[in-house]
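Presented below is the structure to which this report refers.
Number of protein chains: 2
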Amino acid sequence: MSNAEAVPLEGVASAPCCPPLTERPFSAEEAERAAPMFKALGDPVRLRLFSLVASHAGGEACVCDISDVGVSQPTVSHHLKKLKEAGLLTSERRGTWVYYRVEPAVLASMGHLLTPAAP
Amino acid sequence: MSNAEAVPLEGVASAPCCPPLTERPFSAEEAERAAPMFKALGDPVRLRLFSLVASHAGGEACVCDISDVGVSQPTVSHHLKKLKEAGLLTSERRGTWVYYRVEPAVLASMGHLLTPAAP
Numbered sequence: 001m002s003n004a005e006a007v008p009l010e011g012v013a014s015a016p017c018c019p020p021l022t023e024r025p026f027s028a029e030e031a032e033r034a035a036p037m038f039k040a041l042g043d044p045v046r047l048r049l050f051s052l053v054a055s056h057a058g059g060e061a062c063v064c065d066i067s068d069v070g071v072s073q074p075t076v077s078h079h080l081k082k083l084k085e086a087g088l089l090t091s092e093r094r095g096t097w098v099y100y101r102v103e104p105a106v107l108a109s110m111g112h113l114l115t116p117a118a119p
Numbered sequence: 001m002s003n004a005e006a007v008p009l010e011g012v013a014s015a016p017c018c019p020p021l022t023e024r025p026f027s028a029e030e031a032e033r034a035a036p037m038f039k040a041l042g043d044p045v046r047l048r049l050f051s052l053v054a055s056h057a058g059g060e061a062c063v064c065d066i067s068d069v070g071v072s073q074p075t076v077s078h079h080l081k082k083l084k085e086a087g088l089l090t091s092e093r094r095g096t097w098v099y100y101r102v103e104p105a106v107l108a109s110m111g112h113l114l115t116p117a118a119p
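Residue numbers (UniProt numbering), protein chains in the order written: chain A, 1 to 119; chain B, 1 to 119.
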């Protein structure tokens with residue numbers, strides 16, 4: 001529960017999903033597992049929310065920190081829920097507020113998928 | 001038009017879109033530009049097609065190489081068109097067939113967006 005330690009992200013040997021998209025054709029199962037992560041970021045409001053949480057001091061953001069993405073609070077909550085369902089964010093209630101943080105393994109896993117082909 | 005030379009993908013200083021999602025909150029404009037790329041990969045069939053092209057020998061694939069993704073040829077064509085519209089693939093007709101290739105700058109740009117935060 002420490003905020004001070006970042007989960008190591010280099011060398012995602014145990015990436016939970018799939019090899020780089022450039023390595024070999026994805027199987028149907030791999031595609032079914034990976035597509036929802038991309039879909040979750042395929043909406044401009046969700047992308048802004050995700051970026052807001054991912055770039056926030058301490059790597060987490062309270063719903064109370066989220067105000068300027070141009071949509072109502074219920075819509076913010078809806079999109080945060082979608083990001084959680086896709087495994088991109090985790091949340092924790094502390095007192096009055098729910099705090100969201102990026103799931104670092106998933107971010108690394110998605111980056112791993114997008115590794116360009118070796119020259 | 002050479003197939004032997006890969007476009008350099010390291011150090012995407014001139015990434016066409018946006019900073020890493022972890023760097024600062026995205027603006028509305030940045031989110032509008034980046035979301036369609038993620039959305040294009042947010043469908044399992046499109047992800048398989050993209051992976052098939054991205055991993056094919058020579059970095060490109062002919063429609064004639066695509067047969068085993070479990071959907072009809074018109075559906076394949078529809079999804080390839082969506083991937084082109086999102087800027088992820090380019091295409092070129094040579095003789096009878098259309099050849100698809102991954103747009104390397106876009107792949108690198110998406111990977112750049114997913115750069116984890118510095119520890």
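Idealized CB from N, CA, C, for every residue including glycine.
task: Could I get the ranges of all uninterrupted alpha helix (DSSP H) runs contained in the stretch 38–101 of chain A, with 4 residues as the minimum, in chain order?
output: 44–54 and 73–85
query: Whole-angstrom Cβ separation of residue 48 of chain A and residue 40 of chain A, contact assumed at under 8 angstroms?
result: Contact flag wrong, Cβ pair sits at about 13 angstroms.
9 angstroms Cβ cut-off: residues of chain A touching residue 57 of chain B: Per Cβ cutoff of 9 angstroms: no residues; residue 57 of chain B is ~11 angstroms from chain A at best.
- request: In the DSSP assignment, find the alpha helix (DSSP H) that holds residue 109 of chain A and state where it starts and stops.
  value: 104–113
field: Neighbour-count burial assignment, residue 31 of chain A, 16 or more Cβ in a 10 Å radius
entry: buried
task: My understanding is that residue 110 of chain B touches residue 114 of chain A, with C-beta atoms under 8 angstroms, so please give their C-beta distance in whole angstroms.
output: 5 angstroms
- prompt: How many angstroms separate the CA atom of residue 112 of chain A from the CA atom of residue 34 of chain B?
  reply: 18 angstroms
- prompt: Got a sec? Which residues, its chain only, sit under 8 angstroms from residue 10 of chain B by beta carbon, not counting five neighbours each side?
  reply: In this predicted model, residue 10 of chain B has a pLDDT of only 35, less than 50, meaning its place in the structure is not dependable; the value taken from the coordinates is given anyway. There are no such residues.
message: Please list, in chain order, the residues of the stretch 76–88 of chain A that have any C-beta partner in chain B closer than 7 angstroms.
response: none
message: Determine whether the beta carbon atoms of residue 116 of chain B and residue 104 of chain A lie at a separation below 8 angstroms.
response: yes
As assigned by DSSP and simplified to three states, the class of residue 33 of chain B: helix
Presumed contact (8 angstroms Cβ cut-off) between residue 84 of chain B and residue 77 of chain B, rounded CB distance: At roughly 10 angstroms, the Cβ-Cβ gap does not stay under 8 angstroms, so residue 84 of chain B and residue 77 of chain B are not in contact.
- prompt: Using the rule of at least 16 other Cβ atoms within 10 Å of the residue's Cβ for burial, across every protein chain shown, is residue 60 of chain A buried or exposed?
  reply: buried
- prompt: With 8 angstroms set as the bound, which would you pick, yes or no: does the beta-carbon of residue 15 of chain B sit closer than that to a beta-carbon of chain A?
  reply: Because residue 15 of chain B carries a pLDDT of 46, less than 50, the predicted location of this residue cannot be relied on, and no value is offered for it.
Cβ distance (whole Å) where residue 65 of chain A is taken to contact residue 79 of chain A below 8 angstroms: Actually they are not in contact, since the Cβ atoms of residue 65 of chain A and residue 79 of chain A sit about 15 angstroms apart, beyond 8 angstroms.
CA nearest to the CA of residue 38 of chain A, picked from A:118, A:95 and A:82: A:82
query: Where does residue 118 of chain B fall in DSSP's three states?
result: coil
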